[in-house]
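Novice: Below is one structure. I have some questions about it.
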Amino acid sequence: MKLHNLWSSLALVVALAFPAASLATTVRLQTTLGIIDIQLYDEAAPLTVANFLNYVDSGAFTNSFIHRSVPGFILQGGGYTWNSTTSSVNTIAANPPVANEYSATRSNLRGTIAMAKVSGDPNSATCQWFINLGNNSANLDNQNGGFTVFGQVIDQGMDVVDAIAALPIANAGGPFTELPLATPKSATSAYQRSNLVMLDSVTKNPDMQAPSVPAGLSATASATTIVLSWAAATDNLAVTSYKIYIGGTYLGATTTNTPRINVAGAKPETSYTFTVTACDAANNCSASSAPFSVTTLAAGPTLNLVSGWNLVGNSVNTSFEVASLFGNAANVTTVWKWNSTNSKWAFYTPAQADGGAARAATVGYDTLTRINAAEGFWVHAKQAFTAQLPDGTAVAASALQDLPSGWHLVAVAGNPSPRDFDRALSVLTPPAESIPINFTSLWAWDNATGKWYFYAPYLDSLGGTTLSAYSAGKGYLDFTAAGKNLGAGSGFWVNKP
776 MKLHNLWSSL ALVVALAFPA ASLATTVRLQ TTLGIIDIQL YDEAAPLTVA NFLNYVDSGA
836 FTNSFIHRSV PGFILQGGGY TWNSTTSSVN TIAANPPVAN EYSATRSNLR GTIAMAKVSG
896 DPNSATCQWF INLGNNSANL DNQNGGFTVF GQVIDQGMDV VDAIAALPIA NAGGPFTELP
956 LATPKSATSA YQRSNLVMLD SVTKNPDMQA PSVPAGLSAT ASATTIVLSW AAATDNLAVT
1016 SYKIYIGGTY LGATTTNTPR INVAGAKPET SYTFTVTACD AANNCSASSA PFSVTTLAAG
1076 PTLNLVSGWN LVGNSVNTSF EVASLFGNAA NVTTVWKWNS TNSKWAFYTP AQADGGAARA
1136 ATVGYDTLTR INAAEGFWVH AKQAFTAQLP DGTAVAASAL QDLPSGWHLV AVAGNPSPRD
1196 FDRALSVLTP PAESIPINFT SLWAWDNATG KWYFYAPYLD SLGGTTLSAY SAGKGYLDFT
1256 AAGKNLGAGS GFWVNKP
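Just so it is clear: in the sequence shown, position 143 is 918 by this note's numbering, and no numbers are missing.
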């Protein structure tokens, strides 16, 4: 059933002014594009409202779809449902027609809902209804006895109505010559449910109270995962889920009312700003929480160890238990760390139940249990294997400005060259291209070749080939010639004067 006659030019009406006493029952249309809430005029149009609610209560409108869209005029529904089993359309069974209850006090203005009917029969309305997209009073109030307005769209429902009206329209033949498409349909395929603007549910007097706004957002982060939590919101019935947004863009929702979510796939050393809304079973959602920002950690380096001696380092601020990463006796013979505070070696071996504590005591070593931030260490490996160091905040070279005199086995992030590392140890920024000479020498072990890389800022400051010639004469590897830097996961010796 279609509305009859052409429609005149329309003037949009933003606000509707019907008596408050005429607003009673609320019906919610849960559509493909969102919620449309409609308040019905129970007192002003009792027969029409009762007729409409009969279809709502029986579930007749559930899985129906908007079958007609005329932009600027009307959206029409209530005539057809989609049968997912057969992928076909069913006609909604009509109850006996309802008597026309048109009144000039309830005009066909933008945002009102009215009953459709057969041309030439004022009392022919059954199940089909339409929402006015514009001010249609000049046209629809004066034909076929007037079209009975029995309610109006409220709250943000017209945003959804207008979004549906803006969809492309297809001619599917029969009663569907003005069919709005939620998704495009290929020329060679049949219409599917996903193509239609569905009414997934139509309910009476829905819960319309949104939960409280979530508060107290906090987070813990690794390099690639963020655990976001907050204080639980409250609702007049129950909070059922929380929607999560990153920088205002919807990320996803929890599947329960637990105020916590793990966000995977983050990028290391990246800042993210989150907001959260609380929602209930009726899809009422709160306003957004206050934003909360968190920065992910630097990824812990992956150590690719070779058989034999490996000089490696912890370039993040997270310490770790040596046994947790190097406790496999099939891979590791020993692990060594230099304690510059007492000029002693600390020692660990997975081959002994005590980690080598008794052996260390007999030969004057310290017992090695932890590797701390910015510490280099030796691993003697029985075979090649990989070890993943923990995530943490990257250790900048400037964090080592307070190194005391002596030999230090260290590690930093940022992949600086030895010259850049020297400059980073300056408390005051040195002039561009200058070499400030903050240490005597720097040594890095090449695990694969078993040779030392060497750098001395004093020799570098002399210019020319002084440094490279000295290194070559001693059989050392040259950092610059090899393009070698102090990469994350690399340990190196620094001798401070």
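Backbone N, C-alpha and C fix where the C-beta goes; we use that ideal spot for every residue, glycine too.
1. Would you report the Cα separation of Phe-1254 and Tyr-1140, rounded to the nearest angstrom?
2. Along the beta strand (DSSP E) that carries Ile-813, what are the first and last residues, could you check?
3. Who are the near neighbours of Leu-1252 in its chain, counting only those whose CB is closer than 8 angstroms to its CB and skipping five residues on each side?
4. Could you check where the alpha helix (DSSP H) with Ile-867 kicks off and where it finishes?
5. With a CB to CB cut of under 8 angstroms and the five nearest residues on each side skipped, what residues in its chain are close to Leu-850?
6. Can you list, in chain order, the stretches of the alpha helix (DSSP H) that have 4 or more residues and sit fully within the stretch 1104-1155?
7. Should Pro-943 be labelled buried (16 or more other beta-carbon atoms within 10 Å of its own) or exposed?
8. State the DSSP-derived secondary structure class of Lys-1249, mapped to helix, strand or coil.
9. Starting from the C-beta of Leu-787, find all residues in its chain whose C-beta is less than 8 angstroms away, skip the five residues before and the five after it, and write them out in chain order.
10. Among Thr-1000, Thr-1050, Asn-1058 and Ala-996, whose alpha-carbon lies nearest the alpha-carbon of Ala-990?
11. By how many angstroms is the C-alpha of Ser-1192 removed from the C-alpha of Ala-1156?
12. Kindly indicate which three-state DSSP category Tyr-830 falls into: helix, strand or coil?
13. Hey, how far is the Cα of Leu-798 from the Cα of Pro-897?
14. Using a Cβ-Cβ cutoff of less than 8 angstroms, which residues in the same chain neighbour Lys-960 once the five nearest sequence positions on both sides are dropped?
15. Taking the C-alpha atoms as reference points, what is the distance between Thr-963 and Asn-1032?
16. Alpha carbon to alpha carbon, how far is Ala-1219 from Ala-1186?
17. Should Thr-1009 be labelled buried (16 or more other beta-carbon atoms within 10 Å of its own) or exposed?
18. Would you mind giving the Cβ-Cβ distance between Val-1087 and Gly-1264, rounded to the nearest angstrom? I have them listed as a contact below 8 angstroms.
19. Going by C-alpha distance, which of Ala-1074, Ser-863, Ser-976 and Ala-900 is nearest Gly-1167?
20. Measure the CB-CB distance between Thr-1093 and Ala-1148 and report whether it falls below 8 angstroms.
21. Going by other Cβ atoms of all chains shown within 10 Å of its Cβ, with 16 needed for buried, is Arg-1035 buried or exposed?
22. Below 8 angstroms, can you find three or more Cβ-Cβ pairs linking the stretch 1010-1023 to the stretch 1038-1057?
23. Excluding the five sequence neighbours on either side, which residues of its own chain have a C-beta within less than 6 angstroms of the C-beta of Asn-858, listed in chain order?
24. State yes or no: is the C-beta of Pro-1125 within less than 8 angstroms of the C-beta of Asn-1103?
25. Tell me which residues share the same chain as Thr-952 and place their Cβ nearer than 7 angstroms to its Cβ, disregarding the 5 neighbours each side in the sequence.
26. Quick one: what does DSSP say Asn-1270 is sitting in, helix, strand or coil?
27. Given a threshold of 16 other Cβ atoms within 10 Å of its Cβ, counted over all protein chains shown, does Asp-916 qualify as buried or as exposed?
28. With a threshold of 16 other CB atoms inside 10 Å of the CB of Thr-1161, please say whether the residue is buried or exposed.
29. What do you reckon, are the CB atoms on Ala-835 and Ile-867 nearer than 8 angstroms?
30. I'd like to know if the stretch 1233-1240 and the stretch 1163-1178 are in contact, where contact means that at least 3 CB-CB pairs between them fall below 8 angstroms.
31. According to DSSP, which residues form a beta bridge with Val-1002?
32. Quick check: the Cα distance between Ala-796 and Ser-1064, rounded to an integer number of angstroms?
33. DSSP state of Asp-1055, grouped into three classes?
34. Considering only the beta carbon of each residue, do Thr-1144 and Ala-1135 sit closer than 8 angstroms?
35. Is it buried or exposed for Asn-1106, if we count other Cβ within 10 angstroms and need 16 for buried?
36. Ordered along the chain, which non-local residues of its own chain (more than five positions away) have a Cβ less than 7 angstroms from that of Trp-811?
Specialist: To lay it out plainly:
1. The count along the sequence shown starts at 1 and reaches residue 1254 at position 479. The count along the sequence shown starts at 1 and reaches residue 1140 at position 365. The alpha-carbon separation between Phe-1254 and Tyr-1140 amounts to approximately 32 angstroms.
2. To locate residue 813, count along the sequence shown from 1; it is residue 38. Here the beta strand (DSSP E) through Ile-813 covers 809-815.
3. In the sequence shown, counting from the first residue as 1, residue 1252 sits at position 477. Non-local C-beta neighbours of Leu-1252 in its own chain, meaning closer than 8 angstroms and more than five positions away in sequence, comprise Asp-1221, Thr-1224, Lys-1226, Trp-1227, Tyr-1228, Phe-1229, Ser-1246 and Lys-1259, ordered along the chain.
4. Taking the first residue of the sequence shown as 1, we reach residue 867 at position 92. Boundaries cannot be given for Ile-867, as no alpha helix (DSSP H) includes it and DSSP labels it neither H nor E.
5. Here residue 850 refers to the residue found at position 75 when the sequence shown is read from its first residue. Setting aside the 5 residues that flank it on each side, Leu-850 is surrounded in the same chain by Ile-841, Arg-843, Ser-844, Phe-905, Ile-906, Leu-908, Val-936, Ile-939, Ala-940 and Pro-955, each with a C-beta closer than 8 angstroms to its C-beta; the list follows chain order.
6. Taking only runs of at least 4 residues, the alpha helix (DSSP H) segments lying wholly in the stretch 1104-1155 are 1132-1138.
7. Within the sequence shown, numbered from 1, the residue matching residue 943 stands at position 168. It is exposed - the Cβ of Pro-943 has fewer than 16 other Cβ atoms within 10 Å.
8. As a first step, residue 1249 must be located in the sequence shown, where it is residue number 474. Here Lys-1249 sits in helix by DSSP.
9. On the sequence shown, position 12 is the one that residue 787 refers to. Legend: pLDDT at Leu-787 = 28, less than 50; position of this residue unreliable, no value from coordinates given.
10. By 1-based counting over the sequence shown, the position of residue 990 is 215. Ranking the options by Cα distance to Ala-990, first place goes to Thr-1050.
11. Taking the sequence shown and counting its residues from 1, one reaches residue 1156 at position 381. Taking the sequence shown and counting its residues from 1, one reaches residue 1192 at position 417. Computed Cα separation, rounded: 27 angstroms.
12. The residue given as residue 830 occupies position 55 in the sequence shown. In the structure shown, Tyr-830 sits in a helix (DSSP, three-state: H, G or I).
13. Residue mapping note: residue 798 aligns to position 23 of the sequence shown, counting from 1. Residue mapping note: residue 897 aligns to position 122 of the sequence shown, counting from 1. Note on Leu-798: pLDDT 46, under 50, position unreliable in the model; the coordinate value appears next. Computed Cα separation, rounded: 24 angstroms.
14. As a first step, residue 960 is located in the sequence shown; it is residue number 185 there, counting from the start. Excluding residues within five positions, the ones whose Cβ falls inside 8 angstroms are Ala-945, Tyr-966, Gln-967 and Asn-970.
15. Within the sequence shown, numbered from 1, the residue matching residue 963 stands at position 188. Within the sequence shown, numbered from 1, the residue matching residue 1032 stands at position 257. So the alpha carbons of these two residues sit roughly 43 angstroms apart.
16. Stepping through the sequence shown from its first residue, residue 1219 is reached at position 444. Stepping through the sequence shown from its first residue, residue 1186 is reached at position 411. Approximately 10 angstroms, taken between the alpha carbons.
17. Taking the sequence shown and counting its residues from 1, the one referred to as residue 1009 is at position 234. The residue is exposed, with fewer than 16 neighbouring Cβ atoms inside 10 Å.
18. For this step, residue 1087 is matched to residue 312 along the sequence shown. For this step, residue 1264 is matched to residue 489 along the sequence shown. Rounded, the Cβ-Cβ distance is 6 angstroms, consistent with contact.
19. Taking the sequence shown and counting its residues from 1, one reaches residue 1167 at position 392. Nearest option by C-alpha distance: Ala-1074.
20. As a first step, residue 1093 must be located in the sequence shown, where it is residue number 318. As a first step, residue 1148 must be located in the sequence shown, where it is residue number 373. With a cutoff of 8 angstroms on beta-carbon distance, Thr-1093 and Ala-1148 are scored as near each other.
21. Locating residue 1035 in the sequence shown gives position 260, where the first residue counts as 1. Exposed, by the Cβ-count rule.
22. Three or more Cβ pairs closer than 8 angstroms define a contact, and the stretch 1010-1023 meets that threshold against the stretch 1038-1057.
23. Position 83 of the sequence shown, counted from the start, is the residue given in the question as residue 858. Here the set comprises Asn-865.
24. By one-based count along the sequence shown, residue 1125 stands at place 350. By one-based count along the sequence shown, residue 1103 stands at place 328. Their beta carbons are under 8 angstroms apart, which means Pro-1125 touches Asn-1103 by this criterion.
25. Mapped onto the sequence shown, residue 952 falls at position 177. Around Thr-952: Asn-946.
26. As a working note, residue 1270 is residue 495 in the sequence shown. Asn-1270: strand per DSSP, three-state reduction.
27. Taking the first residue of the sequence shown as 1, we reach residue 916 at position 141. Buried: at least 16 other Cβ atoms inside 10 Å.
28. As a position in the sequence shown, residue 1161 is number 386, starting the count at 1. Classification of Thr-1161: exposed, given that the 10 Å Cβ count is below 16.
29. Within the sequence shown, residue 835 is the residue found at index 60, counting from 1. Within the sequence shown, residue 867 is the residue found at index 92, counting from 1. Yes, the Cβ-Cβ distance between Ala-835 and Ile-867 is below 8 angstroms.
30. The stretch 1233-1240 makes no contact with the stretch 1163-1178: fewer than 3 CB pairs, one atom from each, lie closer than 8 angstroms.
31. Within the sequence shown, residue 1002 is the residue found at index 227, counting from 1. For Val-1002, the pairing in a beta bridge is given by DSSP as Thr-995 and Asn-1037.
32. To locate residue 796, count along the sequence shown from 1; it is residue 21. To locate residue 1064, count along the sequence shown from 1; it is residue 289. Only weak support is given to the placement of Ala-796: the predicted model assigns it a pLDDT of 39, under 50, and the question is left unresolved by the model.
33. By 1-based counting over the sequence shown, the position of residue 1055 is 280. Here Asp-1055 sits in strand by DSSP.
34. Locating residue 1144 in the sequence shown gives position 369, where the first residue counts as 1. Locating residue 1135 in the sequence shown gives position 360, where the first residue counts as 1. Judged by their CB atoms, Thr-1144 and Ala-1135 are not nearer to each other than the 8 angstroms cut-off.
35. By 1-based counting over the sequence shown, the position of residue 1106 is 331. By the Cβ-count criterion, Asn-1106 is buried, with 16 or more other Cβ atoms from all chains shown falling within 10 Å of its own Cβ.
36. Counting from 1 along the sequence shown, the entry for residue 811 is found at position 36. Sequence check: residue 811 is Ile here, not Trp. By the criterion of a C-beta distance shorter than 7 angstroms, Ile-811 is surrounded in its chain by Leu-804, Val-928, Gly-932, Val-935 and Val-936, once the five residues flanking it on both sides are discounted.
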